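Written below as structure tokens is the structure these notes are about.
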Amino acid sequence: MTTPVICRPSAFPIRRITNCPTCKQRRRMAGHDALWYGPTLTCCTCGDSWTSGEMHDRPFQRAWRTEAAAKARRAWTEAGTYTRADYDAWFAEAHGRPVIDVALPEAAPAV
Ligand SMILES: [Zn+2]
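Residue numbers (this note's numbering): 3 to 113.
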């Protein structure tokens, strides 16, 4: 049996307080930023997720909201340990150039 190799870009944990379309109010959102794909954020209250503003499909399973929101709250805590300087260093290493003239995740319009 062969082992599949799944390629994905490196990701950096991020967190934002922004308007949640599902909750219809400002909520804590946590996730990661990845090159080429843009930020992926999950609402810490309702558990819905978005990548670059596109909502993810909701899983067909019981209690997915509770589990997704709990996971997002853990990601929120983890992302709080990083600074803007850490983000800039990750970006420069992953992208091969410093953060200059690049729309940063916090500059993205609120959904
Ligand atoms: Zn929400």
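The C-beta atom is built at its ideal place from N, Cα and C for all residues, glycine as well.
As the structure is a computational prediction, the values presented were derived from the model and not from experiment.
Asked	Found
Using DSSP's beta-bridge definition, name the partner residues of GLY33.	ILE16, LEU43
By DSSP, does ARG60 sit in helix, in strand, or in coil?	coil
THR79 lies in the beta strand (DSSP E); which residues open and close that run?	Looking at the DSSP string, THR79 is not in any beta strand (DSSP E); the run it does join, the alpha helix (DSSP H), is 66 to 81.
Using the three-state DSSP reduction, which class does ARG99 fall into: helix, strand or coil?	coil
Strictly closer than 7 Å from CB to any heavy atom of ligand 1: give me those residues in the order they appear in the chain.	CYS22, THR24, CYS25, ARG29, CYS45, THR47, CYS48, ASP50
Between the Cα of ALA71 and those of LEU37, THR20, GLY98, ASP50, spot the shortest distance and give me the residue it belongs to.	ASP50
Looking only at DSSP bridge pairs, what is THR53 linked to?	THR42, GLU56
Assuming MET31 and THR20 make a contact with CB atoms under 8 Å, what is their CB distance in whole Å?	6 Å
When you compare the region 5 to 12 with the region 40 to 60, are there three or more beta-carbon pairs, one atom per stretch, that lie closer than 8 Å?	no
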